[in-house]
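Report on one structure; see the data block that follows.
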Amino acid sequence: MGSRILTMKRQAAELGRIRTGYSRPNPDPKKGPIPVKSKTFVLTSHSRDYVAAAAELYGGQVEQWTPQRQSIAQWRVITKAAELRAIIPAGDPLNQANEKWGGGGCERRCDGQTESISGKPCLCLAKYGEDWHERKPDEVCRPTSRIGVFLPDMPDLGMWRLETKSYYAADAIAGGLDTVLQATGGKGLLPVRMWIEQRTAVRNGKTKQFQVVMLVPALPKLRHALSGPISTAAALDPASLDRAAIEAATAERPDYLTDARVCRTPAEVREVWHRANRAGHVARDGSDELSQDLMRIAEDIDKGIDPTTGEIGDQDDEPEPDADGVYDVETVDDEPPAASPAAVWPEAAKPGGGGR
């Protein structure tokens, strides 16, 4: 039997990155590349095959590209997709920290209270106060959020890492994801939608434009996200959750029409309707299709039509003449005829109707 190093994270291989921006060359050769905020997702990887697959799936052109402060060339595609469908793995896939990077790598990594490299209290908060995140990026740490996702329509089994340094995205992603994790316990896969949302905010009398990466569960109904873990098949095909619910409801519903067709009186048919009403399978006012079908069966029975065959019932009870050709006299009470099932059905269908 195999074994593992317990201190290893055992993460799936990282196939590439999902980014929300890119850089273009600076006309001034003495200055570095110019960063550009993208309205669509940018996918990058060391493998050209993965980027080519992304270009075919999401649009865009494959191009070679070298990240800043790196010497090894990679591949990227600025896609035409402002939204991606992905699957997040089991557990808590979100990693967040306030980080400051320099030429020598990561200089600070802070959880908002303690800077882990120096062990000191948050340096940005101590120096600039609660609004430190509004300072220039080269002065303070940047709220960095990383989350690994599967892109189910891309080749091979591995993670694509989404990274954003937006203060507002950090809060939105964590809040939505934590709500779902409370319901699922972090067990099982979860399909999500990710999109880039353009926003504005007024700070100190100035309007600031920024973008936020939104990440929400991609499920037919909110109840699916909050009712516990879902199967792998449902994560790959979220619409199957609604189809399964419909099939289950149909399979569990009794065959009221068959029950009604063996009834011998309209009153027995109305009893079938009341049973369906108590189970929530017909409308309370009797306007639904099942109620209308039951009403027609009651009418047929009242007319002497066998609801199982559609034929008129046995006529053997009709009076016959005697040897002299004389019929017995039939005495009829002087009372109005009974109302037809159609006339009394709406009243019977109401709560408490028909004596129920």
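Mapped onto the working numbering, the consecutive letters of the sequence shown carry residue numbers 562 to 917. Glycine included, each C-beta is placed from N, C-alpha and C at the ideal position. Here the structure is a predicted model, which means the values were calculated and not measured.
In chain order, what residues of the same chain have a beta carbon less than 6 Å from the beta carbon of residue i, not counting five sequence neighbours either side?
{"i": "residue 752", "result": "648, 779, 796 and 799"}
{"i": "residue 716", "result": "614"}
Have a look at residue i and residue j and give me their C-alpha separation to the nearest angstrom.
{"i": "residue 754", "j": "residue 819", "result": "45 Å"}
{"i": "residue 770", "j": "residue 700", "result": "20 Å"}
{"i": "residue 712", "j": "residue 721", "result": "7 Å"}
{"i": "residue 772", "j": "residue 698", "result": "16 Å"}
{"i": "residue 655", "j": "residue 724", "result": "10 Å"}
{"i": "residue 763", "j": "residue 727", "result": "16 Å"}
{"i": "residue 823", "j": "residue 749", "result": "48 Å"}
{"i": "residue 592", "j": "residue 646", "result": "37 Å"}
{"i": "residue 793", "j": "residue 576", "result": "21 Å"}
{"i": "residue 840", "j": "residue 580", "result": "51 Å"}
{"i": "residue 675", "j": "residue 687", "result": "11 Å"}
{"i": "residue 877", "j": "residue 847", "result": "With a pLDDT of 49 at residue 877, under the threshold of 50, the modelled position of that residue is not reliable, and the figure given next carries that caveat. Cα-Cα distance, rounded: 36 Å."}
{"i": "residue 845", "j": "residue 835", "result": "9 Å"}
{"i": "residue 759", "j": "residue 566", "result": "44 Å"}
{"i": "residue 832", "j": "residue 742", "result": "46 Å"}
{"i": "residue 632", "j": "residue 608", "result": "16 Å"}
If I measure Cβ to Cβ from residue i and keep anything under 7 Å in the same chain, skipping five residues before and after, which residues do I get?
{"i": "residue 837", "result": "817, 843 and 851"}
{"i": "residue 667", "result": "660"}
{"i": "residue 718", "result": "573"}
{"i": "residue 658", "result": "670, 671, 672 and 705"}
{"i": "residue 766", "result": "none"}
{"i": "residue 733", "result": "773 and 775"}
Since residue i contacts residue j with CB under 8 Å, what's their CB separation in whole angstroms?
{"i": "residue 704", "j": "residue 694", "result": "6 Å"}
{"i": "residue 737", "j": "residue 783", "result": "About 12 Å; that fails the 8 Å criterion."}
{"i": "residue 714", "j": "residue 618", "result": "6 Å"}
{"i": "residue 637", "j": "residue 604", "result": "7 Å"}
{"i": "residue 918", "j": "residue 862", "result": "Outside the shown range of the chain (562 to 917) lies residue 918, about which nothing can therefore be said."}
What are the start and end residues of the alpha helix (DSSP H) that includes residue i?
{"i": "residue 638", "result": "Taken as a continuous stretch (DSSP letters only), residue 638 belongs to no alpha helix (DSSP H), being part of the beta strand (DSSP E) at 635-639."}
{"i": "residue 784", "result": "783-787"}
{"i": "residue 776", "result": "First-last for residue 776: 767-778, but that is the beta strand (DSSP E), not the alpha helix (DSSP H)."}
{"i": "residue 647", "result": "Where residue 647 is concerned, there is no enclosing alpha helix (DSSP H), although the beta strand (DSSP E) it sits in stretches over 644-649."}
Starting from the C-beta of residue i, find all residues in its chain whose C-beta is less than 8 Å away, skip the five residues before and the five after it, and write them out in chain order.
{"i": "residue 634", "result": "625, 626 and 627"}
{"i": "residue 747", "result": "651, 652 and 653"}
{"i": "residue 643", "result": "600, 601, 602, 756 and 757"}
{"i": "residue 735", "result": "655, 657 and 706"}
{"i": "residue 679", "result": "669"}
{"i": "residue 768", "result": "761 and 762"}
How far does the beta strand (DSSP E) with residue i in it extend, from its first residue to its last?
{"i": "residue 656", "result": "655-663"}
{"i": "residue 581", "result": "575-585"}
{"i": "residue 680", "result": "Here residue 680 belongs to no beta strand (DSSP E), and DSSP marks it neither H nor E."}
{"i": "residue 922", "result": "The chain is shown from 562 up to 917; residue 922 falls before or after that span and cannot be answered."}
{"i": "residue 758", "result": "751-764"}
{"i": "residue 565", "result": "No beta strand (DSSP E) contains residue 565, which DSSP labels as neither H nor E."}
Please tell me whether residue i has its Cβ less than 8 Å away from any Cβ of chain D.
{"i": "residue 612", "result": "Note that chain D does not occur in the displayed structure, where there is just one protein chain."}
Indicate whether the contact test is met: 3 or more Cβ pairs, each with one atom in the region 596-605 and one in the region 579-588, closer than 8 Å.
yes
Can at least three beta-carbon pairs, one atom from the region 662-678 and one from the region 614-624, be found at a separation below 8 Å?
no
For the region 603-618 against the region 778-792, are there 3 or more C-beta pairs whose distance is under 8 Å?
Contact check between the region 603-618 and the region 778-792: fewer than three CB pairs, one atom from each, fall below 8 Å, which does not count as touching.
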